[in-house]
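A.B. asks: Attaching a single structure in structure tokens format; questions to follow.
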Amino acid sequence: MNASVEYLRIRDLHAFYGESHILHGVDLRVNRGECVSLLGRNGAGRTSTLRAILGLTGKRTGSIMLNGRETIDMATHRIAQLGVGYCPEERGIYASLSCEENLLLPPQVGSRGMRLEEIYEMFPNLAERRHSQGTRLSGGEQQMLAMARILWSGAHLLLLDEISEGLAPVIVQQLGQVIGDLKSKGFTIILVEQNFHFAAPLADRMYIVEHGQIAAEIAQNEIDAKQELLQDYLGV
Amino acid sequence: MTSFFDIPIQALMGQLMLGLVNGSFYAILSLGLAVIFGMLNIINFAHGALYMMGAFLAWMALDYLGIGYWPALILVPLAIGVFGVLIERTMLRWLYKLDHLYGLLLTFGLALVIEGLFINAYGVSGQPYQIPAELAGGFNLGFMFLPYYRGWVIFASLLVCFATWYGIEKTRLGAYLRAATENPKLTQAFGINVPIMVMLTYGFGAALAGFAGVLAAPVIQVSPLMGSHLIITVFAVVVIGGMGSIMGSIVTGLGLGVVEGITNLVYPAASNTVVFVIMAIVLMMRPAGLFGKEQ
Chain A
1195 MNASVEYLRI
1205 RDLHAFYGES
1215 HILHGVDLRV
1225 NRGECVSLLG
1235 RNGAGRTSTL
1245 RAILGLTGKR
1255 TGSIMLNGRE
1265 TIDMATHRIA
1275 QLGVGYCPEE
1285 RGIYASLSCE
1295 ENLLLPPQVG
1305 SRGMRLEEIY
1315 EMFPNLAERR
1325 HSQGTRLSGG
1335 EQQMLAMARI
1345 LWSGAHLLLL
1355 DEISEGLAPV
1365 IVQQLGQVIG
1375 DLKSKGFTII
1385 LVEQNFHFAA
1395 PLADRMYIVE
1405 HGQIAAEIAQ
1415 NEIDAKQELL
1425 QDYLGV
Chain D
90 MTSFFDIPIQ
100 ALMGQLMLGL
110 VNGSFYAILS
120 LGLAVIFGML
130 NIINFAHGAL
140 YMMGAFLAWM
150 ALDYLGIGYW
160 PALILVPLAI
170 GVFGVLIERT
180 MLRWLYKLDH
190 LYGLLLTFGL
200 ALVIEGLFIN
210 AYGVSGQPYQ
220 IPAELAGGFN
230 LGFMFLPYYR
240 GWVIFASLLV
250 CFATWYGIEK
260 TRLGAYLRAA
270 TENPKLTQAF
280 GINVPIMVML
290 TYGFGAALAG
300 FAGVLAAPVI
310 QVSPLMGSHL
320 IITVFAVVVI
330 GGMGSIMGSI
340 VTGLGLGVVE
350 GITNLVYPAA
360 SNTVVFVIMA
370 IVLMMRPAGL
380 FGKEQ
């Protein structure tokens, strides 16, 4: 894979919610086809970093280059149309839409999107429940739906926020397989995770976020050597 | 003669028909309010003024330009829709981040300004608008006389209401609209241009009001005050049906029109207040309205 081609480059990103300053100069890069995990404590700024990439925070300053284009001044929907798929922490399943309407909601960008049959093959539960109200699905099904939705859209950069949270171990295992699958298909993924043991085998690199900044960067092959550092930051 | 509790059947049917005609206007207007409230979170007090403008534009088109009823039925809602888009772009969009109250105040002020301008130009007495020749006259149904135009009003408004319901509940564009109503920021993060949808929604709600105005022009006097007379009742309809519920506003609009008609027969003095009595009762029993969801 062309692992050395830079896909996302964030420089000195500051972001605000109203008056409160939440990101204090985030710098990170993600190469095409890479899976990068953002680790850190609650409130460290991991979710805010994802939201800032899409312009979902308040004011942003700095630079966010996406596939060679500056997006810091773009409207949220324009950024999404460049091929960014977002799976929010609360999953973002709409109560007023059926399962299938939720799935087909994002307009497709480019021709990379998966076909409906492929998606239903990957997530057979969603096919069975296609006419159910979105929020009537179980937690695991909702998470699968949130994943399936961004695969349908044809997004290339996947922003996944706490997707393993609150799910049964067997579902978490399934999700791990899905992510592994997506990696091998060449998607670029940013994984925000509380669950270190879920993220560790999937991530090519990890960033540790602390106080709205990147505190450390750890490559996959350094995980064992840097256990102490991880202990310090995460208490794992 | 057949009668129903001492009420002659002709009178009953006549009032039912009148009630359905009034209910048709309630339904279209409260539908527009519901759609706008769902998407913009704004209680559109200018709705009555937009309805009045619809009737006036139809009258002006005929009087000044010789444009008849049928073209007006298409052109006037388009014009009012464009006017709505202008209001949204130039004024309303600055208020989204503020409390709902500001939107209400702005649209209330707009309604007063628009009404004032029309009163200034045309006075408060009504202008007559002829029923189109194709719809003059009526059927004799045996038990009652049905004027064609009244039948047409009911048919046309039901058609528009159900087309709107279908568009929102059953189509892809409607799914965007429902999603953006439920969670605008997230919907935008999926690549949907929510600001444009908000603008078009206001334009569409305004166009519905304009359409109701054209429909109403031949049955009532076209007057600058026709909107403010109707809008208070329409707000009561929206409260009874439940804010933001599409089907709720259609069913409640028609139903309350009929209730008003029947009250007019049974106890005429109460016909102007019955809707508000029902509103008070509904608010006590179900604060979210008959079709609304508790939040």
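Line order of the protein sequences matches chains A and D. Following our numbering, the numbering of the first sequence begins with 1195 at its first residue and continues without gaps. Following our numbering, the numbering of the second sequence begins with 90 at its first residue and continues without gaps. For each residue, glycine too, the CB sits at the ideal point set by N, CA and C.
Within a Cβ cutoff of 7 Å, which residues of the same chain sit near Thr-362/D, ignoring the five residues on either side of it in sequence?
C.D. replies: Closer than 7 Å at the Cβ level, and outside the excluded window around Thr-362/D, lies no residue.
A.B. asks: One question on the structure: do Leu-1424/A and Leu-1351/A come within less than 9 Å of each other, judged by their Cβ atoms?
C.D. replies: The answer is no: Cβ separation not under 9 Å.
A.B. asks: List the DSSP bridge partners of Ala-1413/A.
C.D. replies: Arg-1399/A
A.B. asks: Let me confirm a value: Met-1195/A is counted as buried when at least 16 other C-beta atoms fall within 10 Å, else exposed. Which label applies?
C.D. replies: Confidence in Met-1195/A is poor, its pLDDT being 45 and thus under 50, which makes the residue's placement unreliable; the coordinate value appears in the next sentence. So Met-1195/A ends up on the exposed side.
A.B. asks: Here's the rule I'm using: 16 or more other beta-carbon atoms within 10 Å means buried, otherwise exposed. How should Asn-209/D be labelled?
C.D. replies: Flag for Asn-209/D reads exposed.
A.B. asks: Taking Cβ to Cβ, would you say Gly-342/D is nearer than 9 Å to Val-311/D?
C.D. replies: no
A.B. asks: Using the beta-carbon of each residue, which ones in chain D are nearer than 7 Å to Gln-1275/A?
C.D. replies: Gly-280
A.B. asks: Rounding to the nearest angstrom, what Cα-Cα distance links Ala-1209/A and Gly-1249/A in this structure?
C.D. replies: Taking the straight line from one Cα to the other gives about 9 Å.
A.B. asks: Are any of the Cβ atoms in chain D nearer than 9 Å to that of Gly-1304/A?
C.D. replies: No, because no Cβ of chain D sits closer than 9 Å to the Cβ of Gly-1304/A.
A.B. asks: Verify the CB distance criterion: does Leu-1250/A have a CB-CB separation below 9 Å to chain D?
C.D. replies: By this cut-off, Leu-1250/A is an interface position.
A.B. asks: Only counting the same chain, and skipping five residues up and downstream in sequence, which positions put a Cβ closer than 8 Å to that of Val-165/D?
C.D. replies: Gly-143, Leu-146, Ala-147, Ala-150, Gly-299, Phe-300, Gly-302 and Val-303
A.B. asks: Examine the Cβ distances between the region 1398-1409 of chain A and the region 1232-1239 of chain A and report whether three or more of them are shorter than 8 Å.
C.D. replies: Yes, the region 1398-1409 of chain A is in contact with the region 1232-1239 of chain A.
A.B. asks: Among residues of its own chain, excluding the 5 on either side of Gln-1414/A, which ones have a beta-carbon nearer than 6 Å to its beta-carbon?
C.D. replies: Asp-1398
A.B. asks: Assuming the contact rule is C-beta atoms closer than 8 Å, Tyr-158/D and Pro-236/D should be a hit. Round their C-beta distance to whole Å, please.
C.D. replies: Contact between Tyr-158/D and Pro-236/D fails: their C-beta atoms lie close to 15 Å from each other, not under 8 Å.
A.B. asks: Where DSSP assigns a beta bridge to Asp-1355/A, which residues make up the other side?
C.D. replies: Answer is Val-1386/A.
A.B. asks: State the CB to CB distance for the pair Ser-246/D and Ser-113/D, rounded to an integer number of angstroms; the pair is presumed to be in contact (CB under 8 Å).
C.D. replies: 4 Å
A.B. asks: Touch check for the region 319-333 of chain D and the region 98-110 of chain D: three-plus C-beta pairs under 8 Å?
C.D. replies: No, they do not touch.
A.B. asks: Since Gly-227/D contacts Phe-234/D with CB under 8 Å, what's their CB separation in whole angstroms?
C.D. replies: 6 Å
A.B. asks: Examine chain A for any beta-carbon lying closer than 9 Å to the beta-carbon of Asn-272/D, and answer yes or no.
C.D. replies: yes
A.B. asks: Mind checking if Arg-261/D is an interface residue toward chain A, Cβ cutoff 9 Å exclusive?
C.D. replies: yes
A.B. asks: For Tyr-1427/A and Gly-337/D, what's the separation of their Cα atoms in angstroms?
C.D. replies: 54 Å
A.B. asks: Do Gly-346/D and Tyr-115/D have their C-beta atoms within less than 9 Å of each other?
C.D. replies: yes
A.B. asks: Under DSSP, the beta strand (DSSP E) around Pro-236/D begins and ends at which residues?
C.D. replies: Segment 234-236, the beta strand (DSSP E) holding Pro-236/D.
A.B. asks: Flag Thr-1265/A as yes if its beta-carbon sits less than 9 Å from any beta-carbon of chain D, otherwise no.
C.D. replies: no
A.B. asks: With distances taken Cα to Cα, identify the nearest neighbour of Thr-1382/A among Ile-1357/A, Gly-1277/A, Ile-1273/A and Ile-1216/A.
C.D. replies: Gly-1277/A
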